[in-house]
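Written out below as structure tokens is the structure these notes cover.
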Amino acid sequence: MSINAFLHKYKIPLCSIFIILGIVLITFCVPGLLYTEGDVGITATANDILGDWAYWILILGIALLIIGVFYVYGYFKYLKEFKELMKINSKAKFIKNLDRIEELAWRLHPRFENIVIEKKKEFRIK
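First residue of the sequence shown? That's 59 in the numbering used here, and the numbers climb one at a time after it.
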């Protein structure tokens, strides 16, 4: 399996990991940056571990969070549109929207491509 196929197949789990990792990094960095005097508890640990890298790690956390949310939002937006288009019971309307349906199936996950193939068999489309 190529790296592109892997990323395409596991996009949502990876983006979920990005979101969780982004939240953890932000949560770990912000207290250390805000409370530098009188360090106690987690802020002392954060300052000891991160040191001068806290700002860069905060930026990384924000970037991971934004990227993860962006891709998850796009996935669910495409999924909603795909489901609406797959509810079509008219062969003519299905053929009219076939290009968009195939594009959405390709963007979502390989299993959605199989759903499109089954629907095409149902309508006897090659």
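Cβ coordinates follow ideal geometry from the N, Cα and C atoms, glycine included.
- With a beta-carbon spacing of about 11 Å, Ile75 and Val130 fall beyond the 8 Å limit used to define contacts.
- For the pair Leu83 and Gly119, the CB atoms are nearer than the 8 Å cut-off.
- Spanning the alpha carbons of Leu108 and Ala63 requires a straight line of approximately 35 Å.
- In this structure, Gly80 places its C-beta atom within 8 Å of the C-beta atom of Leu123.
- Rounded to the nearest angstrom, the gap between the Cα atoms of Phe152 and Asn105 is 58 Å.
- The three-state secondary structure of His66, taken from DSSP, is helix.
- Counting the other Cβ atoms within 10 Å of the Cβ of Phe170 gives 16 or more, which makes it buried.
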